[in-house]
Structure formats: structure tokens, C-alpha cells
Amino acid sequence: GQNIDQPTEMTATEGAIVQINCTYQTSGFNGLFWYQQHAGEAPTFLSYNVLDGLEEKGRFSSFLSRSKGYSYLLLKELQMKDSASYLCAVRFPYNTDKLIFGTGTRLQVFP
Amino acid sequence: EAQVTQNPRYLITVTGKKLTVTCSQNMNHEYMSWYRQDPGLGLRQIYYSMNVEVTDKGDVPEGYKVSRKEKRNFPLILESPSPNQTSLYFCASSLLALSSYEQYFGPGTRLTVT
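If you read the protein sequences in the order shown, they are chains A and B. Sequential numbering of the first sequence, starting at 1, is according to this note's numbering. Sequential numbering of the second sequence, starting at 1, is according to this note's numbering.
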């Protein structure tokens, strides 16, 4: 099966910048999503990348390199409410709608 | 209000007793999917449906059934639940399949099988 790797936990300070990495096997890749999930709640959509490069959306940006099988989510000006799990999800194989999630990165933001 | 609803939100049952978890969306979405979430394993796709009467297996379909008779509903059926199906279940929908459209998730159903 496809492996998607993310760090299990990260910590950061309020106001700082944090980068959460995600790596995946490149065969059959067809798009990558980032979701945010607060404890006990449903995931909510943050971003979608299918082409190489950086997509910026307010305090959050997502980067993709298809040749390297690599993506990151960049969170700027961290706030306490950003403490959550961040899930990387990859769609493959091409021409289906199967979505494979990583195990998620739990981010704790401290004052 | 646009939303995905699931019922029940919490369920404790016994091994072998058939159950159905309902999922409904009011956004006229074509694509619907079921996931289970377990500690250390993340979200895993059980089944998905790209439209009415079109369903397909995800990564962990064993022990589950689904149907898509109407666009808005996508129930998950456990014919003979077992303790290893104790999990947090999410239903999700998106406007179209094979696209960049985001998935909207329901609030989750916490199932315990004893």
C-alpha cells in the first residue's frame, strides 16, 4: 500500500512559524490535501495541491514537490487555537477517488 | 445550513448485533465516503461512492457494507460487528469526484463493540 509519513508531534510558541512535512510514494499521485482536526472534532479542509509550488491562504501555506514526493504545511503567526492535528492526505491512483491519509501531526502551541 | 449529519453519534453494542450508521448531506454532493479513525493509524477509507448506485472499496472494507440509493444518503452497515470495529467513524462528502473539491466531514460516530 501507499505510505504517507508525517512527524507524530511538534511543539511551537505562539507567534512563531512552524513547518509540518509530509512525504509519500510518488507512483500514481493525483493530488494532496491538508486537513486540520481539533481533538474530538471532525477534520476541516485547509488546502489542496496538485501542481508543484506554493499555495498561500492567509496564515497557512502549502507546498508540493511531485518529483520528490514531498509536501509541507507552513503555519505563520501561530495562535493558541492552532493547537490541533494536521492530516496530510494523498489521492491515488490516478482516475479514482481513493484518499489515503497520513497518521497526522499533533501540534501544540505554547504561550 | 450546509452540513453532513451522522446518526447515532455514540453507540455501544454487542458482538454480532447488526447495526446501521446513517449519513446524510444536504449539499447535493455527488461523492460520499466513510472513514474510520483509530489511534496511531489515522483516518482509513472504508468505502466511497462517486454517485447514486456507484460504490467502491477503500482500504479497509472488510466487515462493512454500504449502499447509495439516493444522492443525499450513504448508510454504513455492520452485519455482524466485532470488537475490532470499535472506532470513531466519519462520513464525508464533496461536490464532485476526481477533483480538487474539499471533503466536508460529519461530526463522527463513536462505536464500541463489546
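No residue lacks a Cβ here, since even glycine has one placed at the ideal position from N, Cα and C.
8 angstroms Cβ cut-off: residues of chain B touching Ser32(A): Here residue 32(A) refers to the residue found at position 32 when the first sequence is read from its first residue. Residue identity check: residue 32(A) is Leu in the sequence provided, not Ser. Those within 8 angstroms of Leu32(A) in chain B number zero; the least Cβ separation is about 10 angstroms.
Which of helix, strand or coil DSSP assigns to Lys69(B): Reading the second sequence from its first residue, position 69 is the one you call residue 69(B). In this structure, Lys69(B) counts as coil in the three-state DSSP scheme.
8 angstroms Cβ cutoff met for Glu30(B) and Leu95(B): The residue labelled residue 30(B) in the question sits at position 30 within the second sequence. The residue labelled residue 95(B) in the question sits at position 95 within the second sequence. Yes; because the gap between Cβ atoms is below 8 angstroms, this pair is in contact.
Contacts of Gly104(A) in chain B (Cβ-Cβ under 7 angstroms): Working through the first sequence from its first residue, we reach residue 104(A) at position 104. Gly42, listed in chain order.
Opening and closing residue of the beta strand (DSSP E) in which Gln37(B) lies: In the second sequence, residue 37(B) corresponds to position 37, counting from 1. 31-38 is the span of the beta strand (DSSP E), which, as asked, contains Gln37(B).
Counted within 10 angstroms of its Cβ, other Cβ atoms place Asp82(B) as buried (16 or more) or exposed: By 1-based counting over the second sequence, the position of residue 82(B) is 82. In the sequence on display, residue 82(B) carries Ser and not Asp. Exposed, by the Cβ-count rule.
Burial state of Tyr10(B), where buried means 16 or more other Cβ atoms lie within 10 Å: Indexing the second sequence from 1 puts residue 10(B) at position 10. Flag for Tyr10(B) reads exposed.
For Leu76(B) and Gln85(B), believed in contact at Cβ under 8 angstroms, the rounded distance: On the second sequence, residue 85(B) is found 85 positions in, with the first residue counted as 1. On the second sequence, residue 76(B) is found 76 positions in, with the first residue counted as 1. Wrong, their Cβ atoms sit about 10 angstroms apart, outside the cutoff.
Own chain, CB closer than 6 angstroms to Asn73(B), minus 5 neighbours either side, in chain order: Sequence index remark: in the second sequence, residue 73(B) carries index 73 (1-based). Here the set comprises Ser24.
Coarse secondary structure for Lys81(A), derived from DSSP in three states: Indexing the first sequence from 1 puts residue 81(A) at position 81. Note: Lys81(A) maps to helix in three-state DSSP.
Enclosing beta strand (DSSP E) for Phe29(A) [first to last residue]: The residue labelled residue 29(A) in the question sits at position 29 within the first sequence. Phe29(A) -> no beta strand (DSSP E), and no H or E assigned at all.
CB contact flag (Gln37(B), Phe90(B), <8 angstroms): Counting from 1 along the second sequence, the entry for residue 37(B) is found at position 37. Counting from 1 along the second sequence, the entry for residue 90(B) is found at position 90. Yes.
CB contact check: Pro8(B) to chain A, cutoff 8 angstroms: By one-based count along the second sequence, residue 8(B) stands at place 8. So, not an interface residue.
Sheet register partners of Asn3(A) (DSSP bridge): The sequence position of residue 3(A) within the first sequence is 3, counting from 1. Per DSSP, none; premise fails for Asn3(A).
Cβ shell of Ile17(A) (< 6 angstroms), same chain only, five flanking positions each side left out: In the first sequence, counting from the first residue as 1, residue 17(A) sits at position 17. Answer for Ile17(A): Lys76, listed in chain order.
Cβ pair Gly102(A), Gly42(B) closer than 8 angstroms: Residue 102(A) sits at position 102 when you count from the first residue of the first sequence. Residue 42(B) sits at position 42 when you count from the first residue of the second sequence. Going by C-beta atoms, Gly102(A) is nearer than 8 angstroms to Gly42(B).
Alpha-carbon to alpha-carbon, Pro107(B) and Tyr86(A): Taking the first residue of the first sequence as position 1, residue 86(A) is located at position 86. Taking the first residue of the second sequence as position 1, residue 107(B) is located at position 107. Those two C-alpha atoms are separated by around 17 angstroms.
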